Every structure is written in structure tokens, then in C-alpha cells.
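Data first, discussion second: the structure below is written as C-alpha cells.
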Amino acid sequence: MAVYAETERTLRDLAERFRSGRMSRRELIQGAGLLVGGSTLASFLATCLPAEAATAGAGSAGQPKKGGSLKFAIFGEAPSLDPMFTTATITKNLASQMFEGLLSPDMRLRPQPDLAESYDMSRDGKTATFRLRKGVTFHNGKEMTSADIVASLRRFTNLANRGKVIAGRLDDIKAQDKHTVVMTFKQPTGRLPLFLASFEGIMMPEEIATKYMKEQLKEYIGTGPFKFVERQPDRFTKLVRFDNYAAGPGEPNGWVGRKTAYVDELLVIPVPEDSVRADGVITGEYHFGELLNPDSYDSLKSNSNVDTYIVKPYFWSAIHFNKKQGMFTDLKMRKAFKLAIDLEPGWRAAWGKPEFWRLQPAMGAPETPWYTEVSKGEYNKKDPDQAKALLKEAGYKGETVRWLTTKEYSYNYNFALATKPQLEAVGMKVDLQLVDWATLIQRRAKPELWDVFVTGHDTPNHPVLMPFMNPTWPGWWDTPEKNKLYNDLFAEVDDKKANALVEDMERLVMKEVPYVKIGEYFGLRASRKELKGYVNPVHFFFWNCWLA
Amino acid sequence: MLAYILRRVLLAIPVMFVVAAGVFLLLYLTPGDPVSVILGPDATPQQVTELRQRLGLDQPVPMQVGRWFSRLLQGDLGQSIYLNRPVTQTLLERAEPTLMLTLLATLFAILVGLPIGIISATRAGGWADLGAMLVALGGISMPSFWVGLNLIFVFAVTLGALPVAGYQPLSKGLWENLRYLILPAVTLGFAQAALLARMSRSLMLDVLREDYVRTARSKGVGERTVVLYHALRNVMVPLVTVMGLTFAILMGGAVITEQVFNIPGIGRLLVQSVLRRDYPVVQGIVLVIAFNYVVINLCVDILYGLFDPRVRHS
């Protein structure tokens with residue numbers, strides 16, 4: 017079986033190289049001897065044949081028009097279309113076309129009323145009152161009332177990753193009248209809006225929420241601009257325009273405001289090969305492709321039928337330490353690790369073109385309202401001498417650092433590979449344990465099996481939503497200071513004060529070194545010129561988009 | 606003959622059980638956890654534990670093996686963990702693309718490989734023979750993903766004549782279906798055609814040196830009849846074995862070709878299910894592949910009888 021996995025990986029790598037080979041023949045020939053014949057053939061043909069047949073009019077934006085089937089290629093099959101069930105990003109992307117939350121983020125990622133018309137949070141952070149929009153219908157024709165919201169919120173707090181965090185503080189969820197819902201809490205929970213607007217807090221009819229209270233949805237009935245029709249795994253998922261959609265008031269702004277579905281249907285096609293996703297957009301097979309290889313950026317950008325988009329902010333990555341067992345339970349060891357490395361070479365090896373990455377210290381991105389630079393002074397300051405001194409103080413005697421890594425996300429392995437020599441230079445012994453993703457996430461849950469691993473986190477998520485804030489998440493950041501600060505942040509009603517607490521949290525990260533923030537990386541997407549109205553949000557959506 | 610077929614079928618059952626048990630144990634010894642894959646990167650250990658319990662993955666392996674076998678005896682391959690639907694349904698959905706691709710690729714291989722082999726043999730040592738065998742050698746040596754990517758680049762991206770990748774079911778019309786399958790079928794069939802060409806050439810050369818061929822020629826039988834009627838029939842016996850095995854291999858899913866051309870067939874499902882640790886699906890596919898081998902071997906034996914009367918009468 018491992019042979020198949022290996023084949024797939026080699027295949028993916030070769031596909032990447034092949035694509036970049038179109039740009040630089042020399043590299044390709046040097047890199048893979050067996051490709052010599054093909055590149056010659058390809059370049060010969062490229063010079064003999066017309067470069068690109070213009071297939072569609074790529075005129076100016078013009079007036080929106082209804083109709084058409086929008087085909088978009090995504091990188092794989094979603095484990096589920098239920099974002100309360102799984103935290104997979106791909107699920108959030110698809111679900112947000114069909115489902116809406118009480119609150120949803122605007123373009124600047126601030127929670128705003130969506131299915132709620134307005135909401136109040138009491139000053140003590142213990143009571144949240146939501147007044148619902150009237151005249152909203154579900155895809156099954158039923159009118160949305162507070163009973164549906166109460167049941168959906170119950171399911172959210174019972175099942176969803178972020179909902180369960182809320183559940184510990186929750187006192188009750190009640191329908192005050194047909195269009196008012198009240199949530200009460202045992203402890204102040206001022207950051208509640210962030211949890212509700214996390215794409216996991218989707219609203220569905222009461223009977224569905226009750227039926228699937230503890231398991232994943234098999235019926236997808238939301239209030240969103242598109243409704244679910246059919247799903248054939250690994251082939252397509254089909255959504256169509258919901259003609260009775262009740263759009264929210266106000267100008268379109270991210271996931272809130274006026275949402276209009278112009279296209280008749282959305283056809284979501286899983287295409288695991290990134291080169292095929294890019295080629296499909298070039299030839300017009302797909303209108304839109306996500307998660308493209310940065311190597312294909314230049315060729316896509318130079319194509320007159322294609323628009324390219326860099327998604328910023330997108331994800332950030334960190335080196336997480338095992339703080340429960342092994343050498344990195346010692347703060348000195350974590351500090352030594354941090355001081356031993358310069359993050360830039362590794363991050364460049366991981367992402368290549370400078371358009372696709374940046375180094376900055378915070379959990380938030382400069383584009384988010386909670387961005388801070390308080391930890392800049394202590395970020396990425398390589399000092400091998402001090403690292404060596406700390407190792408000595410910690411009594412390090414050449415024990416092996418077990419670094420879990422995977423090639424399924426090639427950046428993960430490339431970063432580790434480029435960073436390892438720096439650790440060895442200060443005398444640390446590093447064993448890169450290369451496994452597939454399914455193995456990595458299984459092993460990282462067992463403290464006896466590893467010392468460090470790298471993973472990505474959604475940059476649009478507020479620090480209070482970060483998975484490592486949970487003391488049971490692999491890495492086990494469980495100190496009294498952090499737990500108290502996290503609790504204060506969670507409780508805070510006022511946004512400004514909350515931002516100050518985020519700054520404190522960043523300072524604490526520098527003090528306790530639970531992880532080493534590496535940097536951010538950005539996604540590449542491309543669309544056909546005939547796709548209009550697309551605003552390139554973090555999690556893509558296709559309302560207010562039309563096909564010219 | 607009937608008794609022979611029956612005996613072969615009965616013998617196949619224990620073979621398949623051994624395969625099934627082997628795969629089951631191998632998968633459970635492989636590290637990795639389907640639940641963590643499904644629940645996504647931010648899932649808490651508590652969520653993982655809960656779902657593992659609900660799916661019965663926390664039970665001891667012997668118990669899981671037992672449960673799986675008892676369901677298998679009732680014809681139930683179980684439920685896909687990742688796709689949350691029955692394995693049988695999942696496999697049936699993937700059968701059409703793989704079957705169509707295999708048929709087309711085999712057809713291509715036979716239509717191209719066999720004539721080239723025969724022509725080469727009749728002109729052994731000549732320029733046509735040398736050229737054909739050079740191409741065939743290339744065909745065997747070139748990895749299929751490389752051939753596939755080149756074909757995509759030339760015919761889909763540069764010329765825009767055929768789709769880049771994907772699959773349209775037969776229900777959308779035969780041409781629509783074929784349009785998407787031409788490039789993958791050529792990719793897949795190319796290596797097989799090359800193999801067939803080389804095999805049929807050398808077999809044909811052997812047969813053409815036989816006494817009965819000389820007798821036929823001395824009787825004044827035309828060269829065309831000698832080659833196509835007298836010689837080809839004898840070449841077919843070993844060739845059918847090769848073609849049958851090729852077909853069986855392809856039916857298991859042309860993993861790489863399906864991946865490159867984004868065809869939702871058995872091969873792609875197998876690879877993805879391994880990466881997702883979707884145990885029931887992997888077991889189901891391996892069982893189906895084992896079953897295919899058994900059935901196709903059986904068919905090959907029956908075809909032997911048609912081509913070679915000695916087998917029929919023994």
C-alpha cells in the first residue's frame with residue numbers, strides 16, 4: 017500500500033516539475049533525466065503551434081447576468097459537507113455556499129449579523145440576545161424561526177469543535193419569542209461572536225438539527241444562496257441557486273450583506289492533481305481553480321484568458337513542541353531551539369516565490385483587526401552561541417529530537433529539511449520522521465512518540481479560536497498563566513480590551529515558547545476571465561458572481 | 606469442461622479469503638488514523654475519541670476482523686468511513702469509468718500492437734521492423750504518467766482538441782464519454798500495445814519457422830493466408846494469456862493514469878482510500894481485484910480451448 021502512496025507523491029512532484037519545466041527547460045532536464053525527450057517535444061510544439069487559442073470573450077465586468085453553470089476545481093473530496101462535524105477547510109468552503117450563521121465575518125473578518133438582524137451582548141458578557149431576520153426560508157420551504165436557531169445552537173455546542181469550547185461556559189439557550197433567541201452563560205463569554213462567525217455555527221431546521229444532534233449531517237438544508245442537489249464523491253457536488261433566498265440588508269461585505277446568486281448551478285469538482293487544476297482553467301474546462309502550485313503562477317499570469325489571485329491572509333505555520341513529555345518540557349530547550357534557527361531559508365525553501373509567503377511574528381495578519389507587533393523584537397533572532405549555552409544549561413546530551421514531518425504537504429518537509437542543519441550546527445541531533453499525513457496526526461496525539469511537528473493554522477481565525485489554546489491539543493500548552501490569560505480573553509466583551517489581551521498573549525508566547533511561529537503563506541487561485549464579480553475572500557464564495 | 610470450471614470457482618473462494626484476511630491485518634498494522642483525517646486538523650483529542658468509539662475503531666482487532674467477516678458472508682462490504690456510504694455503492698459508482706478505460710485501452714493495445722507485431726515479423730530485420738521495435742521499446746520504457754502529461758500538454762492545452770482531464774458517464778452520450786477517455790486510453794494502452802507488439806513479433810517469428818508453415822507455403826497457399834490463418838491462430842494462444850492478464854491488471858484500476866486524468870475510477874479510489882485510511886473501502890477494492898483475477902484467468906482458460914483444440918479435448 018505504501019508503494020501507492022509513494023507513487024502518488026512522486027507523481028505529484030513530477031507533475032509540479034513538469035509544469036515548471038515549461039518555463040525553464042534547463043532545470044527540468046537537470047532535475048529529471050527521463051524527461052528530456054518530452055520537454056524537447058513540448059517546447060518544439062510550443063514554438064510551432066499558436067500559443068493559446070482565445071476561447072471566450074474576456075471583456076469588461078459589465079452588468080451581472082443570470083444563468084450558467086460555474087465549474088470549480090478543488091483539491092480533494094471533502095470528508096463531509098457538515099462544518100460542525102469536521103474542521104476541514106474544504107468543508108467550510110463548500111458549506112458556506114449553502115449555510116449561513118447567526119453571525120458571519122465581513123471582508124475584514126469581523127463578526128457581523130447575518131441571519132440575525134442585530135444582537136446585543138450584556139456588559140457582564142453573560143447574556144447574548146439575537147433578534148432574527150424575518151421572512152427567511154430554508155431550502156425546504158420552511159420559514160426560519162427561533163426554534164430552528166435554538167436547535168442549531170444546541171447541535172453546535174454539542175458537536176462542533178468551536179461549539180464545544182463554548183459549551184463549557186453555557187448555561188442555557190432559549191427562544192424568547194418567535195424571532196428572538198437568548199444565550200446565557202455561567203461565565204463571561206464576550207468573545208462569543210467570533211465562535212458563532214467561525215463557519216462552524218451553521219443554522220438548519222430544528223428537525224434536522226435534532227435528528228443529527230450527535231452525528232454528521234446527511235441532509236443539507238440551509239438558508240444560503242445555493243442549495244444542495246447531489247454529491248457523487250470524487251466526481252462532483254452539485255448546488256443550484258435557491259430562488260427563494262432572502263438576502264440580508266446592506267451592501268455585500270464578505271459573508272454578510274446582500275448575497276445574490278446569479279449562476280444557475282455550482283459544480284464542485286475534486287481534482288487532486290494541481291497541474292490538472294491549472295491546465296483545466298487554462299483550457300476552460302473549469303472556471304475556477306484553487307490551491308494551485310506557485311510554480312504555475314507565471315504561466316497563468318501571462319495567459320490572457322485567466323485571472324490569478326493570491327489569497328492573503330491565508331494560513332500561518334508554527335513549529336509545535338511536545339510540552340508534556342520529553343526534552344522540550346524544559347523551557348530552556350525550547351528557547352535553545354528557537355535561537356538556533358533563522359526561519360527565512362526554510363520558509364523560502366518551502367514556498368519559493370516571495371509573493372507567496374511572509375515572515376511576521378503574530379497569530380493575526382496585518383489585514384486582521386487583532387494584528388500586533390509586540391513580539392517583533394524577539395521574533396526570528398538567531399543566536400547560535402546563546403542556543404549552545406542554553407543547551408548546556410538544560411543538560412542536553414545529544415538526545416535525538418524526533419521531528420514529525422510529511423511530504424503530503426510538501427512545504428512541511430521542505431521547511432524541516434532546510435532547517436535541520438541549523439539545529440545540528442548548535443549540536444542538536446535531529447531525526448526527521450517522514451510519514452504520511454494520516455500517520456502524522458495519529459502520532460502527534462501520543463506524547464511518547466515525538467518532540468516537534470509543524471502544522472498550519474487559519475490566519476483569519478482570531479487567537480481565541482486557535483486549536484492550540486485547548487490544553488489537550490497535541491503540544492499540550494497547559495500553564496496557569498496561559499489558562500488564565502485565555503480565560504480573560506474569552507470573557508472580554510470590549511474589542512479594544514480584547515486586542516490588548518491578544519498582545520499579552522503574544523508576549524506570553526515569547527516567554528513560554530509553546531511553539532515557534534514560522535511565518536505566513538498564501539494560496540494561489542485562478543479563474544477564467546468570464547467569471548465576474550469574484551472578490552477573492554479567504555474562503556471562496558460565488559454569490560454576487562456571474563458568467564459573462 | 607463444466608466440472609473443471611466449477612472446481613476452479615470453488616478453489617477461488619479460499620484464495621479470496623486469504624487475500625481478504627491478509628489485507629485486513631496489513632492495514633491495521635499500518636499507522637494512521639481515519640478519524641483524525643476526517644475530523645480535520647483542529648479536532649480535539651476528545652472529538653477523535655468519541656468518533657472512534659462510534660465507528661467501533663476502538664475495539665480490539667480480532668473483534669473487528671470477526672465482525673467484518675461475518676458481514677462479508679452476508680454480502681455486505683461495510684460502510685466507507687470517509688465517504689459515509691456503503692462500500693458496495695461506492696465501488697459500483699467507480700466501476701464504469703474503470704471498465705470503460707480498460708476496454709478502450711485494451712482495444713487500442715490490440716488494434717495497434719498486434720498488427721505492428723505481425724508486420725514486423727513478416728519483415729524481420731528490415732527497416733519497418735527496426736523502426737516498429739524501436740517505438741515499442743520506447744513504449745515499454747516510458748512511464749505512463751509522463752506519456753499522459755505530454756499528451757495533455759499537446760492535445761489539450763496546446764491544441765485544445767480534447768479535454769484536459771475528467772470523466773463524463775455514458776449516460777451523457779457516447780461521444781462525450783469517449784472524448785474524455787481518448788487521451789487516458791492512449792496513455793494506458795501505449796505501453797500495453799508496445800508489449801503486445803514485441804510479444805506477437807517474437808511468437809510469430811517462431812511459428813513462421815514451423816514445418817507446417819513451410820508445408821502451407823509449398824502447397825502454394827498465399828502469404829496472407831499463411832500468416833493470418835495458419836500462423837496467427839497458433840500465436841493467439843500465449844497472446845490471449847498476456848491480454849487477459851493485462852486486462853486484469855487494468856481492471857484493478859490504472860492508478861497512475863486515473864490520477865493524472867482525474868478519472869473517478871477504482872484505482873484513484875484505492876490510492877485515496879489508503880491515504881485516508883478508509884479500511885473498508887481498501888478491503889473491498891482488494892477483494893474485487895482478487896475476484897477479477899480469478900474470473901479473468903478462468904475466461905483465459907476457456908478461450909484457450911477455442912484457439913487450441915488439444916485443450917478442449919483433454
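So the protein sequences, as listed, match chains U and S.
Using the working numbering, you'd call the opening residue of the first sequence number 17 and step up by one each time.
Using the working numbering, you'd call the opening residue of the second sequence number 606 and step up by one each time.
Where a beta carbon is used, it is the ideal one built from N, C-alpha and C, also for glycine.
As the structure is a prediction and not an experimental result, all values here were calculated from the model.
If you check each beta-carbon in the stretch 702 to 735 of chain S against every beta-carbon of chain U, none falls closer than 8 Å. Counting the other CB atoms within 10 Å of its CB gives Tyr261 of chain U a total of 16 or more, which places it among the buried residues. In the structure shown, the three-state DSSP call for Ala802 of chain S is helix. When DSSP states are grouped into helix, strand and coil, Tyr531 of chain U belongs to the strand group. Not a single CB atom of chain S sits nearer than 8 Å to the CB of Pro496 of chain U. Non-local C-beta neighbours of Asp504 of chain U in its own chain, meaning closer than 7 Å and more than five positions away in sequence, comprise Leu517, ordered along the chain. Not one beta carbon of chain U lies nearer than 8 Å to the beta carbon of Asp663 of chain S. Contact between the stretch 484 to 491 of chain U and the stretch 349 to 362 of chain U is not established, with fewer than three Cβ pairs separated by less than 8 Å. For the C-beta of Gln458 of chain U, the chain S residues within less than 8 Å are, from N- to C-terminus, Pro636, Gly637, Asp638, Ser641. Annotation: Val899 of chain S to Val620 of chain S spans about 9 Å, alpha carbon to alpha carbon.
Its chain contains Lys339, Phe484, Pro487, Pro530 as the residues whose beta carbon lies nearer than 7 Å to that of Trp493 of chain U, once the 5 sequence neighbours on both sides are disregarded; these appear in chain order. Within the stretch 426 to 480 of chain U, the beta strand (DSSP E) runs of at least 3 residues that lie entirely inside it are, in chain order, 445 to 450, 468 to 474. Taking a contact to require three or more Cβ pairs closer than 8 Å, the stretch 704 to 713 of chain S and the stretch 785 to 794 of chain S qualify as touching.
Short of 6 Å from the beta carbon of Phe91 of chain U, and not among the five residues preceding or following it, lie these beta carbons of its own chain, in chain order: Leu307.
Under the three-state reduction of DSSP output, Leu754 of chain S falls in the helix class. Only buried fits Ile182 of chain U, as 16 or more other CB atoms lie within 10 angstroms of its CB. Among the CB atoms of chain U, none fall inside 8 Å of the CB of Ala799 of chain S. Taking a C-beta distance under 8 Å as the contact criterion, Tyr325 of chain U and Arg149 of chain U do not qualify as a contact pair. According to the DSSP assignment, Lys243 of chain U belongs to the beta strand (DSSP E) that extends over 242 to 248.
With contacts defined by Cβ atoms closer than 8 Å, Ile457 of chain U and Val879 of chain S do not form a contacting pair. Boundaries of the alpha helix (DSSP H) harbouring Val845 of chain S: 837 to 856, taken from the DSSP string.
Listed in chain order, the alpha helix (DSSP H) runs fully inside the stretch 283 to 358 of chain U are 290 to 299, 313 to 317, 347 to 356, counting runs of at least 4 residues. Contact between Met100 of chain U and Ile218 of chain U holds, since their C-beta atoms are separated by about 7 Å, short of 8 Å. Taking C-beta atoms under 8 Å as the contact rule, Thr649 of chain S and Asn177 of chain U qualify, at a distance of about 6 Å.
Interface residue (Cβ-Cβ distance to chain S less than 8 Å): Gly535 of chain U is not classified as such.
Within its own chain, the residues whose Cβ lies closer than 6 Å to the Cβ of Ala714 of chain S, once the five positions on either side in sequence are excluded, are Gly794, Gln797, Ala798, Leu801, listed in chain order. DSSP places Ala564 of chain U outside both helix and strand once states are collapsed to three, so it counts as coil.
A straight-line Cα-Cα distance of about 49 Å links Val624 of chain S and Asp314 of chain U. Residue contact with chain S for Trp332 of chain U: absent (no Cβ-Cβ distance below 8 Å to any residue of chain S). Here DSSP, grouped into helix, strand and coil, assigns Ser807 of chain S to helix. Contacts with chain U at 8 Å (Cβ-Cβ) do not include Tyr884 of chain S. With its beta carbon less than 8 Å from one in chain U, Tyr687 of chain S belongs to the interface. Nearest CB-CB separation between Gly645 of chain S and chain U: below the 8 Å threshold. Shown here, Arg139 of chain U sits in coil according to DSSP, grouped into three states, outside any helix or strand. With the criterion set as a beta carbon lying under 8 Å from some beta carbon of chain S, the members of the stretch 242 to 257 of chain U are Gln248, Pro249, Asp250, Arg251, in sequence order. For the options U:Arg247, U:Phe372, U:Arg460, the alpha carbon positioned closest to that of Val327 of chain U is the one of U:Phe372.
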